[in-house]
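Report on the following structure.
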Amino acid sequence: MSTAYTLVTICCIFSALGSFLFGYDSGVIASSIAQDDFVQKFKGQLNDASTGGIVSAFTGGAIIGSLGVSYVSDAYGRRVAIFIGGLLGAFGGALQGGAINLGSLVAGRAIAGVAVGLMSATIPVYCSEIAPPRIRGLLGGMQQWMIGWGFVVAQWVGFGSSHAKNSFSWRFPLSLQTFPAICLIAGALFLPESPRWLIEHGQSQAGHSVLVLLHSNHSHHNSSFIEHEYRQICDTIALERREASKSWREILITNPSWRRRILLAAGIQAFTQCSGVNVINYYGPSLYATLGFSTSRSLMIIGISGALSQTWNTLCLFLLDGVGRRKLLIPSLVGMGATLCVEATLYHYFNPDNSMNQHALRAAVAMYFVFSFFFTSLGVLSWIYPAEIFSTPIRARGTSVSTFVNWSLNLVFAQCAPIGLSSLQHRFFYFFMALNWVGAVMVWLWFPETVGRTLEEVEEVFMNDNAARGLTAMNGANTAGNDRENMFNRFNIPTSDHDRVRKGTV
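According to my numbering, the stretch in the sequence shown is residues 1030 to 1535, in order.
Laid out in structure tokens, this is it:
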């Protein structure tokens, strides 16, 4: 990795501190509200409804944040959206750690949820827009990678704090999330802005400077590539000005290319929630209790599981740009479906209340670890793929919609999983098995490969035939001025507009 790639990698890892907050805040609440001191502190206020409110307030806030992110990200830039997310995350974490009643705790959870909703939709966009094509999968995957680290840290902090016998056992874990949030606040405005956002907003020279800063390795070949990439971005944005969306209706309904991309982006996020991962997260602790483990030991096992999952996440990052998206997604979905099929069969023939077959029960536990392995590719790509397939003018809004779908289904399954498991028992796993296999077929039929292409080349895959041919011709016409003028005339784009985009005066 060159020095320039080291710089862009550092920028992506730092911005993904917001993703760390996502994972940490999602993972810390279960162990915190189970602590004895927490139960005593809020004795008389805790019931099923209030406990559910504590957990679901975070998801509700994330839904709101994911819906509102495009209005910040499109108007003021990706950095500002990340900065605001950090501010809200620090405030929400402080409210949780210093909670004096359930109302303040729920409010803190909701505010932290808004922060995570903002950042979970913005960070993949930012990383994809600043990353070189050859390592875009690696850098775009920082979202899931840092979410994983957030979960791991939350699980082990919860385990360590559980040994305290006072309010430290839950106040410290809830307060700790303010530290990465403050780091994000301090550094966000020093991050380079997305070059594509800068060029789209008439700051072409600044956008070119960012491309040189992040992608240059001081070789002649690389300099030529940067100029080619810069011209591609300018040409694509000039063409997209003719199709610039005026309303959500155009994005969601009337523009076939954008509608297709919305469906694919929302689909891959839906696959994540429909995989059954939330059911696994919900039912896992009760299975460990069935094995006879104490709460502390169960937390330790869950921590080991999280650390192992993070190992798979790390390995997956280095496969993304070599293997491709489709070749990782399809086996992931098929494997999860098969794992849940085995899990359901084990539960069907094994009753932990009266069976002495501990091997079958251990096999059921092992299936959760196998499921985690197969989930890795889908978990990572569910954030990368939506950010890749949208064009610059609608990328923030497109990822906003897909992230909204993710959080909405998260809330649905969080509420329905206990009911489904209680009513259907092992048969509930067959439902998710079917959803995973349907998802694999859909990826095989309709999801195009994006690996190794610039974001502008990905754009060509989704544009209608005439526009795609026009964009391809424009990219090739950068070395022939007359051809370039003819191409813009064909699409009724004045060459003066194109030149102003290139010069940063539009």
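Note that beta-carbon positions come from the ideal geometry of N, C-alpha and C, so glycine has one too.
#### Entry: Buried versus exposed, by CB contacts within 10 Å (16 or more), C1445
exposed
#### Entry: Through-space distance from A1183 to C1345, alpha-carbon basis
22 Å
### Message
Using 8 Å as the threshold, is the C-beta distance between T1428 and P1153 below it?
### Response
yes
### Task
Kindly indicate which residue of A1299, M1396 and N1284 has the alpha-carbon position closest to the one of S1420.
N1284
### 8 Å contact criterion, which F1398 and M1365 should meet: CB distance rounded
In fact, because the Cβ distance is near 13 Å, the residues do not count as touching under 8 Å.
### Query
Buried or exposed: which applies to P1477, given that a residue is buried once 16 or more other Cβ atoms fall within 10 Å of its Cβ?
exposed
### Task
For N1495, count neighbouring C-beta atoms within 10 Å of its own C-beta (all shown protein chains included) and say buried if the count is 16 or more, exposed if not.
Low per-residue confidence applies at N1495: pLDDT is 44, beneath 50, and the placement is therefore not dependable, though the value from the model is reported in the following sentence. Looking at its Cβ environment, which holds fewer than 16 other Cβ atoms inside 10 Å, N1495 is exposed.
### Query
Taking C-alpha atoms, which residue in V1145, S1327 and G1122 lies nearest to F1208?
G1122
### Query
Which same chain residues, not among the five before or five after M1471, have their C-beta less than 7 Å away from its C-beta?
G1296
#### Entry: Any alpha helix (DSSP H) of 4 or more consecutive residues that is wholly inside the segment 1213-1251
1224-1229 and 1233-1244
### Query
Out of curiosity, what's the CA-to-CA distance linking G1094 and I1211?
19 Å
### Message
Considering just the uninterrupted stretch of the alpha helix (DSSP H) at M1462, what are its terminal residues?
### Response
R1456 to W1475
### Query
Which value, in whole angstroms, describes the spacing of the CA atoms of N1435 and N1251?
38 Å
#### Entry: Contact under 8 Å by Cβ, V1145 with F1051
yes
### Query
For S1451, which of helix, strand or coil comes out of DSSP?
helix
### Query
Can you list the alpha helix (DSSP H) stretches of 4 or more residues lying completely in the segment 1145-1183, in chain order?
1165-1169
### Query
If you draw a straight line from the alpha carbon of V1098 to that of T1151, how long is it in whole angstroms?
7 Å
### Task
Buried or exposed for Y1100, please, with buried defined as at least 16 other CB atoms from any protein chain shown within 10 angstroms of its CB.
exposed
### Query
Looking at C-beta atoms only, is the number of pairs between the segment 1187-1198 and the segment 1052-1066 that lie closer than 8 Å three or more?
yes
### Query
Which of the three DSSP states, helix, strand or coil, is assigned to N1195?
coil
### Message
Applying the 10 Å Cβ sphere with the 16-neighbour rule, what's the burial state of W1473?
### Response
exposed
#### Entry: N- and C-terminal bounds of the alpha helix (DSSP H) containing F1071
Run containing F1071: none; DSSP gives neither H nor E here.
### Query
For S1204, which of helix, strand or coil comes out of DSSP?
helix
### Query
How about V1101: is its Cβ closer than 7 Å to a heavy atom in the ligand GTP?
This structure simply doesn't include the ligand GTP, nor any ligand for that matter.
#### Entry: Three-state secondary structure assigned by DSSP to L1348
coil
### Under the three-state DSSP convention, the category S1525 falls into
At S1525, the pLDDT of 40 sits below 50, so the modelled position is not reliable and the matter cannot be decided from this model.
### Task
Specify the secondary structure class of E1478 as computed by DSSP and reduced to three states.
coil
### Query
Between W1226 and G1106, is the Cβ-Cβ spacing less than 8 Å?
yes
### Query
Given that a residue counts as buried once 16 or more other Cβ atoms are within 10 Å of its Cβ, and exposed if not, what is A1091?
buried
### Query
Secondary structure at F1537, three-state DSSP: helix, strand or coil?
There is simply no residue 1537 to check, as the chain begins at 1030 and stops at 1535 in what is shown.
### Query
Helix, strand or coil: which one does DSSP assign to M1492?
coil
### Query
Grouping DSSP H, G and I as helix and E and B as strand, with all else coil, what is S1276?
coil
### Query
Short check: CB of F1188 to CB of G1332, under 8 Å?
yes
### Where the alpha helix (DSSP H) through I1111 begins and ends
R1107 to G1126
### Message
I need the straight-line Cα distance from S1253 to H1455, nearest angstrom please.
### Response
58 Å
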